[in-house]
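Asker:
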Amino acid sequence: MPRIPTQVQEILDTLVAAPPLEGYLVVGALLFAIGAWGALIRRNAVVVFMCVELMINGVNLTLVAFADYLPNAGGLGVSYAVLVIAIAAAEIAVGLAIVLAVFRSRRTVNVDEVTSMRG
Amino acid sequence: MTVAFAFLAGMTLVSALGVVLSRSVVHSALFMSGSFLGVSGYFVMLNAPALAAFQVLIYVGAVTVVILFGIMFTQKPQVRRYRTIINRQFWAGLMVAAGVGAFLAYVLSAEDWGGAEAGNGPREVGAFGRDLLGVSQGSEIFTLLFEVASVLLLVAVVAAIVVSRRKIGEGVDRGVRE
Numbered sequence: 469m470p471r472i473p474t475q476v477q478e479i480l481d482t483l484v485a486a487p488p489l490e491g492y493l494v495v496g497a498l499l500f501a502i503g504a505w506g507a508l509i510r511r512n513a514v515v516v517f518m519c520v521e522l523m524i525n526g527v528n529l530t531l532v533a534f535a536d537y538l539p540n541a542g543g544l545g546v547s548y549a550v551l552v553i554a555i556a557a558a559e560i561a562v563g564l565a566i567v568l569a570v571f572r573s574r575r576t577v578n579v580d581e582v583t584s585m586r587g
Numbered sequence: 212m213t214v215a216f217a218f219l220a221g222m223t224l225v226s227a228l229g230v231v232l233s234r235s236v237v238h239s240a241l242f243m244s245g246s247f248l249g250v251s252g253y254f255v256m257l258n259a260p261a262l263a264a265f266q267v268l269i270y271v272g273a274v275t276v277v278i279l280f281g282i283m284f285t286q287k288p289q290v291r292r293y294r295t296i297i298n299r300q301f302w303a304g305l306m307v308a309a310g311v312g313a314f315l316a317y318v319l320s321a322e323d324w325g326g327a328e329a330g331n332g333p334r335e336v337g338a339f340g341r342d343l344l345g346v347s348q349g350s351e352i353f354t355l356l357f358e359v360a361s362v363l364l365l366v367a368v369v370a371a372i373v374v375s376r377r378k379i380g381e382g383v384d385r386g387v388r389e
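See below:
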């Protein structure tokens with residue numbers, strides 16, 4: 469077996485090693501930020517729902533990363549993530565029902581044209 | 212692991228940007244399922260394979276299909292220019308979101324997590340199930356939370372039916388008036 473140079477071995481070690489906790493947290497924060505951006509700028513209510521789901525997924529990723537990396541968490545973040553998924557599913561069912569009802573009465577799903585509750 | 216991490220980060224974040232920036236609503240929904248698949252890959256890397264299966268079943272399967280149905284019922288032909296799909300807060304929203312993201316990323320990476328090592332998660336499905344049902348030590352609260360979540364799902368299903376049901380003689384459905 470040929471001998472691997474030290475630098476190549478170091479590079480291989482860093483490639484195989486588990487990424488740090490901060491990596492997962494930063495990806496979760498960026499997912500949350502992108503979802504918040506979409507929820508702020510898009511007009512279609514269905515796309516706003518999708519962006520809210522992206523934000524929920526960012527938070528879930530953070531929860532599971534903490535549950536896996538912090539020893540005192542006891543792995544319970546995974547169970548909380550299951551509850552978050554269940555509540556998000558309930559939210560998407562009720563939200564899409566509301567969007568359908570709004571579309572029936574107003575023929576539009578653009579959130580800036582539905583202004584009957586504006587003060 | 213680092214290669215998988217980078218690949219999943221690219222897949223998740225690029226798909227999330229695709230949700231926000233794609234002109235077609237259907238493309239947004241498909242990009243969203245791609246982003247959910249990336250997050251489920253992260254769950255596998257984080258020692259939660261059962262949760263990854265839940266993610267694929269519920270998000271990539273059910274939520275995407277429900278949203279596609281919602282698009283099918285509510286879409287009407289309109290010009291797909293950015294001016295019609297995005298409101299006037301494009302740059303202000305970008306600045307706010309970039310500020311939130313940068314602040315969160317800074318705080319989360321500046322905090323000292325005390326030499327945290329991977330591998331504390333409930334890798335076995337049995338341990339995960341005992342946590343979720345509140346049987347194992349320290350997770351007793353989940354007995355209550357599980358029941359509350361089930362009642363909430365039932366109420367949400369009933370509410371969805373009640374809200375979206377069309378009363379006879381009220382409104383029009385896809386151009387057909389009764």
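First to last, the sequence lines map onto chains A and B. Numbering of the first sequence is given in my numbering, commencing with residue 469 and proceeding in unit increments. Numbering of the second sequence is given in my numbering, commencing with residue 212 and proceeding in unit increments. A virtual CB, placed ideally from N, CA and C, is assigned to each residue, including glycine.
#1: Taking the straight line between their C-alpha atoms, what separation do you get for B/Arg294 and A/Asp580?
#2: Would you kindly check if the distance between the Cβ of B/Thr213 and the Cβ of A/Leu568 is under 8 Å?
#3: Give the C-beta separation of B/Met243 and B/Val230 to the nearest angstrom, bearing in mind that I take them to be a contact with Cβ-Cβ under 8 Å.
#4: With B/Thr285 as the anchor, note down where its alpha helix (DSSP H) starts and where it stops.
#5: What number of angstroms, rounded off, separates the C-alpha of B/Val374 from the C-alpha of A/Asn525?
#6: Does DSSP put A/Asn512 in a helix, in a strand, or in coil?
#7: Who are the near neighbours of B/Arg376 in its chain, counting only those whose CB is closer than 8 Å to its CB and skipping five residues on each side?
#8: Can you name the residues of chain A whose CB is closer than 8 Å to the CB of B/Gly221?
#9: In its own chain, which residues sit with a C-beta less than 8 Å from the C-beta of A/Val515, not counting the 5 before and 5 after it?
#10: With DSSP collapsed to three states, give me the class of B/Thr295.
#11: Once the 5 residues before and after B/Thr354 are set aside, which same chain residues still bring their CB inside 7 Å of it?
#12: State buried or exposed for B/Gln266, treating a residue as buried only when at least 16 other CB atoms are found within 10 Å of its CB.
#13: So what's A/Asn525 in DSSP terms, helix, strand or just coil?
#14: At 8 Å on the CB atoms, spell out the chain A contacts of B/Val346, in chain order.
#15: Report the three-state DSSP secondary structure of A/Asn540 (helix, strand or coil).
#16: So within the segment 332 to 387 of chain B, which uninterrupted alpha helix (DSSP H) runs reach at least 4 residues, ignoring any that extend past its ends?
#17: Given this structure, state the Cα-to-Cα distance separating B/Val271 from B/Phe247, to the nearest angstrom.
#18: Span of the alpha helix (DSSP H) holding A/Ile592?
#19: Would the segment 248 to 268 of chain B and the segment 327 to 336 of chain B be scored as touching if the rule is three or more Cβ pairs under 8 Å?
#20: Kindly identify the DSSP beta-bridge partner or partners of A/Asn578.
#21: Within the continuous alpha helix (DSSP H) that includes B/Ser320, where are the two ends?
#22: Is there a Cβ from chain A that is less than 8 Å from the Cβ of B/Ala246?
#23: Run down chain B in chain order and give the residues with a C-beta less than 8 Å from the C-beta of A/Thr583.
#24: Determine the extent of the alpha helix (DSSP H) in which B/Leu232 is found, giving its start and end residues.
#25: Would you call B/Gly304 buried or exposed, if buried means 16 or more other Cβ atoms sit within 10 Å of its Cβ?
#26: Measure the CB-CB distance between A/Leu529 and A/Leu551 and report whether it falls below 8 Å.
#27: Measuring alpha carbon to alpha carbon, tell me which residue in B/Asp342, B/Phe254, B/Val311, B/Val362 is nearest B/Ala215.
#28: In angstroms, rounded to a whole number, what distance separates the CA positions of B/Phe218 and A/Ile566?
#29: Compare the C-alpha of A/Asn578 against each of A/Arg510, A/Arg572, A/Ala486 and name the closest.
Answerer: Straight from the coordinates:
#1: Taking the second sequence and counting its residues from 1, one reaches residue 294 of chain B at position 83. Taking the first sequence and counting its residues from 1, one reaches residue 580 of chain A at position 112. Cα to Cα, B/Arg294 sits roughly 13 Å from A/Asp580.
#2: To locate residue 568 of chain A, count along the first sequence from 1; it is residue 100. To locate residue 213 of chain B, count along the second sequence from 1; it is residue 2. Going by C-beta atoms, A/Leu568 is not nearer than 8 Å to B/Thr213.
#3: As a working mapping, residue 243 of chain B is identified with position 32 in the second sequence. As a working mapping, residue 230 of chain B is identified with position 19 in the second sequence. 5 Å between Cβ atoms; contact.
#4: Here residue 285 of chain B corresponds to residue number 74 of the second sequence, with the count starting at 1. From DSSP, the alpha helix (DSSP H) with B/Thr285 extends over 275 to 285.
#5: Here residue 374 of chain B refers to the residue found at position 163 of the second sequence. Here residue 525 of chain A refers to the residue found at position 57 of the first sequence. Taking the straight line from one Cα to the other gives about 26 Å.
#6: Sequence index remark: in the first sequence, residue 512 of chain A carries index 44 (1-based). Note: A/Asn512 maps to strand in three-state DSSP.
#7: Along the second sequence, one-based indexing puts residue 376 of chain B at 165. For B/Arg376, where only same-chain residues beyond five positions count, there are no Cβ hits under 8 Å.
#8: For the purposes of this step, residue 221 of chain B is taken as the residue at position 10 of the second sequence. Chain A residues near B/Gly221: none, gap ~10 Å exceeds 8 Å.
#9: In the first sequence, the residue the question calls residue 515 of chain A occupies position 47. Result list for A/Val515: Gly506, in chain order.
#10: As a working mapping, residue 295 of chain B is identified with position 84 in the second sequence. Here B/Thr295 sits in helix by DSSP.
#11: One-based indexing of the second sequence puts residue 354 of chain B at position 143. Result list for B/Thr354: Leu344, Gly345, in chain order.
#12: By one-based count along the second sequence, residue 266 of chain B stands at place 55. Buried, since its Cβ has 16 or more Cβ neighbours within 10 Å.
#13: Here residue 525 of chain A refers to the residue found at position 57 of the first sequence. Helix at A/Asn525.
#14: Taking the first residue of the second sequence as position 1, residue 346 of chain B is located at position 135. Result: empty, since nearest Cβ-Cβ is about 11 Å, beyond 8 Å.
#15: Reading the first sequence from its first residue, position 72 is the one you call residue 540 of chain A. Of the three classes helix, strand and coil, the one that applies to A/Asn540 here is helix, per DSSP.
#16: DSSP runs (the alpha helix (DSSP H)) wholly in the segment 332 to 387 of chain B: 336 to 344, 352 to 375.
#17: Sequence index remark: in the second sequence, residue 271 of chain B carries index 60 (1-based). Sequence index remark: in the second sequence, residue 247 of chain B carries index 36 (1-based). If you take the alpha carbons of B/Val271 and B/Phe247, they lie about 6 Å apart.
#18: Because chain A here runs from 469 to 587, residue 592 of chain A falls outside it and cannot be looked at.
#19: The count of Cβ pairs closer than 8 Å, one atom from the segment 248 to 268 of chain B and one from the segment 327 to 336 of chain B, reaches three, so the stretches are in contact.
#20: Indexing the first sequence from 1 puts residue 578 of chain A at position 110. DSSP, once it has assigned bridges, lists A/Asn512 as partnering A/Asn578.
#21: The sequence position of residue 320 of chain B within the second sequence is 109, counting from 1. It spans 301 to 321 - the alpha helix (DSSP H) in which B/Ser320 sits, taken as one unbroken run.
#22: For this step, residue 246 of chain B is matched to residue 35 along the second sequence. Checking the sequence, you will find Ser at residue 246 of chain B rather than Ala. Chain A contact via Cβ: present.
#23: Position 115 of the first sequence, counting from 1, holds the residue named residue 583 of chain A. Residues of chain B passing the Cβ test: none, with the nearest at roughly 13 Å.
#24: Residue 232 of chain B sits at position 21 when you count from the first residue of the second sequence. B/Leu232 -> alpha helix (DSSP H) spans 213 to 232.
#25: Counting from 1 along the second sequence, the entry for residue 304 of chain B is found at position 93. The residue is buried, with at least 16 neighbouring Cβ atoms inside 10 Å.
#26: Start at 1 with the first residue of the first sequence, and residue 529 of chain A comes out as number 61. Start at 1 with the first residue of the first sequence, and residue 551 of chain A comes out as number 83. No, the pair does not count as a contact, with Cβ atoms beyond the cut-off.
#27: For the purposes of this step, residue 215 of chain B is identified with residue 4 of the second sequence, where counting begins at 1. Of B/Asp342, B/Phe254, B/Val311, B/Val362, the residue nearest in Cα terms is B/Phe254.
#28: In the second sequence, counting from the first residue as 1, residue 218 of chain B sits at position 7. In the first sequence, counting from the first residue as 1, residue 566 of chain A sits at position 98. The straight-line gap from Cα to Cα measures roughly 37 Å.
#29: As a working note, residue 578 of chain A is residue 110 in the first sequence. Looking at the Cα atoms, A/Arg510 is the closest of the given residues.
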